[in-house]
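Reviewing the structure listed below.
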Ligand code: MN
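Numbering (the numbering used here), first residue to last: 817 to 1117.
Encoded structure:
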């Protein structure tokens, strides 16, 4: 089922940069699986194919990660740039199963100095890798749920067989959250959004600076591991939420537009206990074009 989806990949960039002209067509690489499965069209199909048709909501369009990579640069392996032993051996092992680790749309050093190369390599190559591997392992004995997107699995988490429900919640959530995280950051990021997203942020939060403060506060106050998110709710309104562990806003019918990972693995190597410093730096990595695309897709569905 997923093979068919993989073969229909076609990512059109909507930015003007040269790198953004890259198109991915017909790739059979497992690495692009998430890119395709999170595209809005396949997401809608997944949602509509379930008995939850009445719960289909326009804002779920923002759940797609792959279609929102505004500037897709072929993944470059930069293992040589990081110190030996930094990469968990698991990161170089192929992953069997329906889900795949999506390639990072920039290299591990691209977010320097805000997010360091070593953290990026471990975060993507080992942590995210593990979420995908664990998710696949959990689903291996359940063919009935293997044809569903990770968004679909999480949105209907209470329908997942109880024996694997918690594993899917943790690792499916980890897979989706990180996929969105990578897709909404990039080199040369930061600044402020423009257009309808900027208007909505100003209308909702008073100003961009106020929005920044509120999202940083929410992420800062999240006790222990978790995420802070800007989401679009079922009424088409922006909101800021925090979630523990890898719980996805998707589970509550909220469309995650952009979020920040505040697990210690996301920042401890460079920032140690200074979560606030990491949060301040993270704002300099945001790819607002990608976030705006997510917003537009959610809003217009
Ligand atoms: Mn993480």
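Glycine is no exception: its CB is placed at the ideal position from the N, C-alpha and C atoms.
Quick caveat: nothing in here was measured; it's all calculated off a predicted structure.
By the neighbour-count criterion, in which a residue is buried when 16 or more other Cβ atoms sit within 10 angstroms of its Cβ, residue 1065 is buried.
Relative to the non-hydrogen atoms of ligand 1, the Cβ of residue 945 never comes closer than 7 Å to any of them. Here residue 979 is exposed. Its C-beta has fewer than 16 other C-beta atoms within 10 Å.
Boundaries of the beta strand (DSSP E) harbouring residue 1043: 1042 to 1048, taken from the DSSP string.
In the three-state scheme derived from DSSP, where H, G and I count as helix and E and B as strand, residue 1102 is classed as strand. Not one heavy atom of ligand 1 lies closer than 7 Å to the C-beta of residue 1049. Nearest Cα to residue 944 within the set 1103, 925, 986: 986.
Membership of residue 942 in any beta strand (DSSP E) is not indicated, and neither H nor E is assigned to it by DSSP.
Residue 1006 sits away from residue 1079, with the two beta carbons spaced by 8 Å or more. Residue range 966 to 971 is occupied by the alpha helix (DSSP H) that includes residue 967. For residue 984, the enclosing alpha helix (DSSP H) begins and ends at 978 to 999.
In this structure, residue 1077 has its CB closer than 7 Å to one or more heavy atoms of ligand 1.
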